[in-house]
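Just so we're aligned: the sequence shown equals residues 3 to 59 in this note's numbering. Ideal Cβ positions, reconstructed from N, Cα and C, are used throughout, including at glycine. Remember, predicted model here, so these are calculated numbers, not experimental data.
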Amino acid sequence: PTPLEAAGRDPVYVGRIRQDPHDRHTLEWFAVTDNLRKGAALNTVQIAELLVASESG
């Protein structure tokens, strides 16, 4: 994804996901979003919801 593709949209786009060549327990990725549309507070809430959902099965 590119910043131009994210402009004017709500989602966070993630690409270039790969394993860290120096640590097999680490992933690397590139993420872009429109910061005017996707605020830090909303992002924090969404991440927390995902974590709670993954913990509850």
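message: Can you give me the C-alpha to C-alpha distance between S58 and H24, rounded to a whole angstrom?
response: 32 Å
query: Of the residues P13, F32, D12, which one's Cα is nearest the Cα of Q21?
result: F32
message: From the DSSP secondary-structure annotation, give me the bridge partner or partners of E51.
response: DSSP output for E51 lists no bridge partner at all.
message: Using C-beta distances below 6 Å, list every residue in its chain close to V16, excluding the 5 sequence neighbours before and after it, in chain order.
response: W31, A33
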